[in-house]
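Residue 209 in the numbering used here sits at position 197 of the first sequence; the count goes up by one each step and never skips.
All residues carry an ideal CB built from backbone N, CA and C; glycine is no exception.
See below for the structure under consideration.
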Amino acid sequence: MTDGRRLYRRGRALARASPRPAIIGPMSVSASDPFPGWDGSIAGARQLQRQLAAQVRLQDALADAPRTVAGFDVGFDDGGATTRAAAVLLDADTLQPLERHLVRVPTRMPYVPGLLSFRELPALLHALDRFSTAPDLVMVDGQGIAHPRRLGIAAHFGVATGLPTVGGAKRLLCGHFDPPGPRPGDRSPVLHQGEVVGMALRSKARCNPLIVSPGPRVSLDGAVALVLRCLAGYRLPEPTRLADRLASRRDGAARRG
DNA sequence: GCGACAG
DNA sequence: ATCTTGTCGC
C-alpha cells in the first residue's frame with residue numbers, strides 16, 4: 013500500500029464524502045479533497061507544506077470576545093486501521109461542552125514525523141463538518157508553526173479551514189527550549205533555526221510543559237493567553253483534553269466497570 | 001554519519 | 001498513537 017511514491021491511499025469512501033457546510037470560510041478546502049494538488053508522495057507533501065506555510069499570518073484576527081472554542085484530537089481503533097476524530101465545541105467562558113462529535117474513517121497514511129497532518133487532518137475536517145455552527149477559535153492537539161517547515165497539524169488545519177487556530181502539543185517535534193519555571197503560567201520560548209516558533213508553558217505544577225504554538229490568525233502571545241484562558245486544573249486545556257478523552261475511547265460515558 | 005522524531 | 005495495573009510521589 014505504500015510504494016514510496018504514492019504513500020497516500022485515495023479511497024472510494026473519501027470520494028463520495030459530504031461537502032463542507034458554507035459556515036467555514038473562504039480559505040476552506042473540502043473534507044473530501046483535503047490536499048488539492050498533492051501527488052501523494054513524501055516530497056510532494058513537504059512541498060505543499062512549504063507552500064501552505066507561506067499563507068499563515070500570525071496577526072491576531074479573532075472575534076473580540078470568542079464565544080465558542082473547539083477542541084480536536086485523533087485516536088485509533090482496530091489496530092490502527094480506523095482513525096477516530098473527536099471534535100468538541102465549548103462555551104468559551106464557562107468551558108462547558110456544547111457539542112461533542114466522533115467520526116470514524118479508514119486510516120490512509122502511516123505516521124511520518126513531520127507529516128502528521130497528512131494522516132490526521134482528513135478525519136478532523138470530517139469531524140468539523142458535524143458542528144452545527146463554526147467555532148470562533150480552534151485548538152488542535154499538535155504543533156502550530158513549531159514544525160520543521162512551519163506547518164504542524166494545527167497550522168495546517170487553520171489554513172485549510174480559514175479558522176483562527178492554536179496548537180497545543182504534549183511534546184516537542186523540533187527545536188529546543190530551556191525548562192520553564194515550576195509555577196503554572198511560567199513559560200520559556202521554543203527556538204528553531206534562530207526563530208521563536210512556540211512557547212513551553214507550565215500549564216500545571218509538577219507536569220511537563222505544554223508546547224504552545226500558533227496557527228493562522230493568532231499570535232504567539234495570543235496563543236498563550238488563549239490556552240491559559242482554557243485551563244481548568246489539568247495539564248491540557250479543556251478543548252483538547254475533552255477531545256482527547258473522546259477520541260481515545262477513554263470517555264467516561266463510554267467506559268464500563 | 002549520528003541523533004531526533006507531534007500523534 | 002497503542003499495548004496495560006499497580007504504584008511511587010506530591
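Quick check: the Cα distance between residue i and residue j, rounded to an integer number of angstroms?
{"i": "aspartate 51", "j": "alanine 57", "result": "8 Å"}
{"i": "alanine 235", "j": "aspartate 141", "result": "24 Å"}
{"i": "leucine 94", "j": "threonine 119", "result": "A quick correction: the sequence has threonine, not leucine, at residue 94. If you take the alpha carbons of threonine 94 and threonine 119, they lie about 5 Å apart."}
{"i": "proline 201", "j": "leucine 254", "result": "26 Å"}
{"i": "aspartate 263", "j": "alanine 146", "result": "24 Å"}
{"i": "leucine 222", "j": "leucine 19", "result": "31 Å"}
{"i": "leucine 185", "j": "serine 144", "result": "33 Å"}
{"i": "proline 122", "j": "isoleucine 54", "result": "11 Å"}
{"i": "glutamine 63", "j": "aspartate 72", "result": "21 Å"}
{"i": "proline 78", "j": "alanine 158", "result": "24 Å"}
{"i": "leucine 213", "j": "methionine 39", "result": "30 Å"}
{"i": "aspartate 256", "j": "leucine 74", "result": "24 Å"}
{"i": "arginine 229", "j": "valine 41", "result": "17 Å"}
{"i": "aspartate 85", "j": "isoleucine 165", "result": "10 Å"}
{"i": "alanine 217", "j": "leucine 240", "result": "14 Å"}
{"i": "alanine 259", "j": "phenylalanine 47", "result": "23 Å"}
{"i": "glycine 2", "j": "glutamate 132", "result": "The shown model of the chain, from 13 to 269, leaves out residue 2, and the question about it has no answer."}
{"i": "histidine 113", "j": "arginine 199", "result": "32 Å"}
{"i": "tyrosine 246", "j": "glycine 126", "result": "27 Å"}
{"i": "valine 100", "j": "leucine 248", "result": "14 Å"}
{"i": "glycine 156", "j": "proline 196", "result": "22 Å"}
{"i": "threonine 14", "j": "glycine 49", "result": "Here the model assigns threonine 14 a pLDDT of 44, short of 50, so the residue's position is not dependable, and the following value carries that caveat. About 19 Å."}
{"i": "glutamine 108", "j": "glutamine 59", "result": "39 Å"}
{"i": "arginine 261", "j": "aspartate 76", "result": "35 Å"}
{"i": "alanine 181", "j": "aspartate 90", "result": "25 Å"}
{"i": "arginine 21", "j": "valine 124", "result": "15 Å"}
{"i": "glycine 269", "j": "leucine 128", "result": "For glycine 269, the pLDDT reaches just 34, beneath the cut-off of 50, and the residue's location in the model is therefore unreliable, although a value from the coordinates is still provided. Whole-angstrom Cα-Cα distance: 34 Å."}
Figure out for me which residue from the options has the closest Cα to the Cα of residue i.
{"i": "alanine 179", "options": "Leu203, Ala172, Gly154, Thr173", "result": "Looking at the sequence shown, residue 179 is not alanine but glycine. Comparing Cα-Cα distances from glycine 179 to each of Leu203, Ala172, Gly154, Thr173, the minimum goes to Gly154."}
{"i": "leucine 238", "options": "Tyr246, Gly245, Val224", "result": "Val224"}
{"i": "leucine 243", "options": "Gly83, Asp89, His159, Gly92", "result": "Gly83"}
{"i": "leucine 232", "options": "Ala259, Met211, Ser40", "result": "Met211"}
{"i": "histidine 204", "options": "Pro160, Leu175, Ala167", "result": "Pro160"}
{"i": "glycine 227", "options": "Gly126, Phe169, Ser42, Leu107", "result": "Phe169"}
{"i": "proline 176", "options": "Ala43, Leu70, Pro46", "result": "Leu70"}
{"i": "aspartate 45", "options": "Pro125, Gly126, Phe130, Gln59", "result": "Phe130"}
{"i": "proline 194", "options": "Gly174, Asn220, Thr173, Gly206", "result": "Asn220"}
{"i": "glycine 206", "options": "Pro196, Ser215, Phe189", "result": "Phe189"}
{"i": "phenylalanine 282", "options": "Asp76, Val117, Ala99", "result": "Residue numbering for the chain in the displayed model covers 13 to 269; residue 282 lies beyond these limits and cannot be assessed."}
{"i": "aspartate 105", "options": "Val124, Arg261, Leu149, Pro192", "result": "Leu149"}
{"i": "proline 192", "options": "Gly174, Thr173, Ser215, Ala181", "result": "Ser215"}
{"i": "alanine 43", "options": "Thr252, Thr173, Asp90", "result": "Thr173"}
If residue i sits next to residue j, beta carbons under 8 Å apart, how far is it from one beta carbon to the other, in whole angstroms?
{"i": "valine 115", "j": "histidine 138", "result": "5 Å"}
{"i": "leucine 102", "j": "glutamate 250", "result": "6 Å"}
Can you name the residues that DSSP bridges to residue i?
{"i": "arginine 116", "result": "Arg96"}
{"i": "methionine 211", "result": "Pro201, Val224"}
{"i": "aspartate 103", "result": "Thr80"}
{"i": "methionine 151", "result": "Gly83, Val178"}
{"i": "phenylalanine 88", "result": "Thr95"}
{"i": "glutamate 111", "result": "Leu101"}
{"i": "histidine 188", "result": "Leu203"}
Give a yes or no on whether the C-beta atoms belonging to residue i and residue j are separated by under 9 Å.
{"i": "alanine 135", "j": "alanine 97", "result": "yes"}
{"i": "glutamine 61", "j": "arginine 162", "result": "yes"}
{"i": "valine 152", "j": "glycine 187", "result": "no"}
{"i": "valine 68", "j": "alanine 167", "result": "yes"}
Following a CB-centred definition, is residue i positioned closer than 8 Å to any heavy atom of the ligand NAP?
{"i": "serine 260", "result": "Looking for the ligand NAP in the displayed structure turns up nothing, as the structure carries no ligands at all."}
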